[in-house]
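The opening residue of the sequence shown carries number 8 in this note's numbering; numbering runs sequentially from there.
A virtual CB, placed ideally from N, CA and C, is assigned to each residue, including glycine.
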Amino acid sequence: MEAMMGIPRPDDNINQTLHQFSLRGFNERETVALLGGHNIGKIGCEFIKSRINNFKGTGQPDPTLPPEFVREMRLNCEDDDNKATTTAAASPLVSRGLSEKFTSEGMSYFQQLSSSLSSGAGFDTHYYQSLLRGRGLLFADQQLMANKRTAQLVAAYASDDGSAFRMDFSRAMMKMSDLNVLTGSQGQVRLDCSLPVHSS
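Right under this line is the structure:
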């Protein structure tokens, strides 16, 4: 699927992520803000298992992960294989390094690091606070700390009350909504956004 080709993979490094976003006209600040959308929801274990068990084929976890966080991630995902179900149709996600496996297991992006650090599990800055502590769930998330400019933006969002992040995020989302809009017979209205409309 063409739409998947412009989406960074969970294991992309910071240069790859910035490049993918720049191809759509997003600068570093907009990229960091958009990735902040990861502060809600849940990440499936299939997207983090290689990072905690066989990082880049080493047979070891990602060495940048705090050991206690590796234990926590493994605890959350240890029974995932037994509960996983596969989708009936072939998925374009596989070619992007993603999985066809969808499960109820996973880890919430919200991590209660301290009662003084986050206003709760809502749309705030706890995602960035987690990155400052090396607790990004995806390698691509944590890579925001591997670049001086993006790390500065992470720190700025993490120390803010959330208003700067939410403003930047909303502006970047508005910009994203204007990308490659298909109209008329080229577009389609979906009742279920996860499923394409098949012509009869």
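Nearest candidate by alpha-carbon position, reference residue i, set the options
i    : options             : result
M183 : Q23, P74, N34       : N34
I55  : M114, L41, Q23      : M114
K155 : L186, R36, P17, D19 : R36
V77  : S170, R58, L160     : R58
G169 : L202, C200, Y134    : Y134
K63  : D19, L138, R178     : D19
Whole-angstrom distance between residue j and residue i, CA atom to CA atom
i    : j    : result
L151 : A40  : 11 Å
V204 : K49  : 26 Å
G43  : G143 : 11 Å
Y164 : E85  : 33 Å
L145 : P73  : 13 Å
R81  : S192 : 47 Å
S7   : Q23  : Not covered by the structure: residue 7. The range shown for the chain is 8 to 207.
A158 : T38  : 12 Å
P68  : N83  : 15 Å
L138 : L202 : 33 Å
A162 : C200 : 34 Å
S102 : Q27  : For S102, the predicted structure reports a pLDDT of 42, less than 50, and the residue's modelled location is therefore unreliable. The matter cannot be settled from this model.
M181 : N60  : 38 Å
D167 : L160 : 11 Å
H45  : G66  : 27 Å
M174 : E79  : 32 Å
Proximity of residue i and residue j at Cβ, strictly below 8 Å
i    : j    : result
F172 : T132 : yes
A153 : P17  : no
T71  : Q149 : yes
I21  : F130 : no
L198 : R31  : no
Where residue i falls, given that 16 or more other Cβ within 10 Å makes a residue buried
i    : result
E75  : exposed
C52  : buried
G141 : exposed
V196 : exposed
Original post:
Enumerated in chain order, which unbroken segments of the beta strand (DSSP E) with a length of 3 residues or greater are wholly contained in the segment 33 to 60?
Top reply: Taken in chain order, the complete beta strand (DSSP E) segments of 3 or more residues contained in the segment 33 to 60 are 49 to 51.
**OP:** Entirely within the segment 136 to 176 and at least 4 residues each: give me those alpha helix (DSSP H) ranges in chain order.
**Re:** 146 to 149, 155 to 166
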